[in-house]
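Taking it in order: structure first as structure tokens, then the write-up.
Residue numbers (our numbering): 154 to 677.
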């Protein structure tokens, strides 16, 4: 309680005011004081039915106590901090999934990799509404999806991730960390968490992680998958891999390297469990780190606790109903006035006395009842998001159009894309990027939507008519003659072109070619 203080201390003046009211009332209605000037002091006690003043609770006493407690409540007593409401109060998270060959071991069922992907899916459900990104790494690291609140696209690409998609094998966690840091640097929240899901670590990269943890801006967590006993490796077709002698190839958890990472770089490490306790550990760590950084930067606000005093105030107000008290109908009058007040025309019941429409909307939103949330929300952004989650994209677009900001244009683009108005979606994303040039989610969505737009005949890539629909023909002419260095802009263009060509191809094929293009650019 050393942090106890009042946010609005001037309201504490109601305490002496309440004492003054009680004292003045008793002085005004004191029977002895009224007759003392007219009757002799020695005779006066014998003429009064109650010569000694009674100290029972009177109406003025309950009024004074309620006034004093109300002053303390309004003064805002507080002793702890909390994040601001309706703000970016959910810690951003970037998940780095290890796709090394050892992740195909079946010492945990159905395999380490499949267990890791199931954990990611469950973590996304646990972090509903928060921003989560995904990186895949082995010998190189590749961005799968940038942080976003909508996990529908994540559910599309997550099952497709396999070790066979990676151009290079290895365990380059430092490359994944660099991508994650660049993603978190573009988030509105000042800090975030990088979660590695792996079964081992390259000890040569421990120094890089130690320097990262010393910076204290972001944090790294490690969730291990696998057992010390290990298990046989499974191939892509489901068979057990064997060595030259025909014996099954085994892989065990690299506990020694992970323990060295934890002790040297001070990285928290936890093992995956059959229940959700490991995911709750990740979420608690992410939220706790966010609160620490926000409190250090002055973002956290003081949590008011004065509302606890409403209960004793209500108790004293209930005493006004005692028979014979002058103010016994005051509470009933207040309730009737509150019920008939024109300002409560939107009321759905007693809850409107205690929560604003936006607070009620947030309550329904957190419980997944998005249509009810949209009916209560008055703030355009949250009302539009609720309508968007309820698949009412047309009305969501109307609400988003009231937002004149980069986020507003971004949300408008998402709504246009859902309505298949790709031209309008691209224009909205362009407006968002003009308002905020560093907006990775808007850039990513714009590229995807632009690839869905119909192209002129002379710009379409020629394709062999006999080519099966699930295969893609790539132009390898660039490999002949002079070598050509791929710039980041060229990589983005190739990725967009690849997306357009792979509209009818599985996500696994799209990721395989995306990773191949990035690997070729990294070799040059």
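Even for Gly, the Cβ is constructed at its ideal location relative to N, Cα and C.
Buried versus exposed, by CB contacts within 10 Å (16 or more), residue i
i: residue 435; result: buried
i: residue 465; result: exposed
i: residue 459; result: buried
i: residue 263; result: exposed
i: residue 321; result: exposed
i: residue 270; result: buried
i: residue 299; result: buried
i: residue 221; result: buried
i: residue 663; result: buried
i: residue 272; result: buried
i: residue 181; result: exposed
i: residue 293; result: buried
i: residue 283; result: buried
i: residue 393; result: exposed
i: residue 461; result: exposed
i: residue 468; result: exposed
i: residue 545; result: buried
i: residue 520; result: exposed
i: residue 377; result: buried
i: residue 395; result: exposed
i: residue 226; result: buried
8 Å contact criterion, which residue i and residue j should meet: CB distance rounded
i: residue 408; j: residue 427; result: Actually they are not in contact, since the Cβ atoms of residue 408 and residue 427 sit about 19 Å apart, beyond 8 Å.
i: residue 596; j: residue 586; result: 7 Å
i: residue 569; j: residue 550; result: 7 Å
i: residue 685; j: residue 543; result: This structure gives no information on residue 685, because the portion of the chain shown stretches from 154 to 677.
i: residue 332; j: residue 418; result: Incorrect: roughly 18 Å between the Cβ atoms, too far for contact.
i: residue 590; j: residue 556; result: No, residue 590 and residue 556 are not in contact; Cβ-Cβ is about 19 Å, not under 8 Å.
i: residue 259; j: residue 387; result: 5 Å
i: residue 346; j: residue 372; result: 5 Å
i: residue 268; j: residue 425; result: 7 Å
Residues bridged to residue i [DSSP beta-bridge criterion]
i: residue 172; result: Residue 172 pairs with nothing; no bridge assigned.
i: residue 231; result: 158
i: residue 248; result: 287, 348
i: residue 258; result: 386
i: residue 296; result: 288
i: residue 395; result: 401
i: residue 301; result: 285
Nearest to residue i (by Cα), restricted to the options the options
i: residue 334; options: 313, 316, 559, 245; result: 245
i: residue 391; options: 317, 175, 672; result: 317
i: residue 341; options: 542, 301, 414; result: 301
i: residue 353; options: 285, 383, 231, 331; result: 383
i: residue 535; options: 226, 418, 514, 339; result: 514
i: residue 285; options: 348, 294, 509, 667; result: 348
i: residue 277; options: 303, 417, 315; result: 303
i: residue 337; options: 252, 393, 248; result: 248
i: residue 127; options: 461, 351, 167; result: Outside the shown range of the chain (154 to 677) lies residue 127, about which nothing can therefore be said.
i: residue 162; options: 583, 547, 191, 229; result: 229
i: residue 578; options: 512, 603, 253; result: 603
i: residue 355; options: 403, 400, 413, 313; result: 413
Unbroken alpha helix (DSSP H) run spanning residue i, endpoints
i: residue 362; result: 359 to 368
i: residue 334; result: 326 to 337
i: residue 422; result: Element bounds for residue 422: not the alpha helix (DSSP H) but the beta strand (DSSP E), 422 to 424.
i: residue 460; result: First-last for residue 460: undefined, no H or E at that position.
i: residue 417; result: 408 to 418
N- and C-terminal bounds of the beta strand (DSSP E) containing residue i
i: residue 350; result: 346 to 351
i: residue 288; result: 285 to 290
i: residue 372; result: 372 to 377
i: residue 465; result: No beta strand (DSSP E) holds residue 465; the alpha helix (DSSP H) holding it covers 463 to 471.
i: residue 194; result: That residue, residue 194, is in no beta strand (DSSP E); it is neither H nor E in DSSP.
i: residue 550; result: First-last for residue 550: 546 to 553, but that is the alpha helix (DSSP H), not the beta strand (DSSP E).
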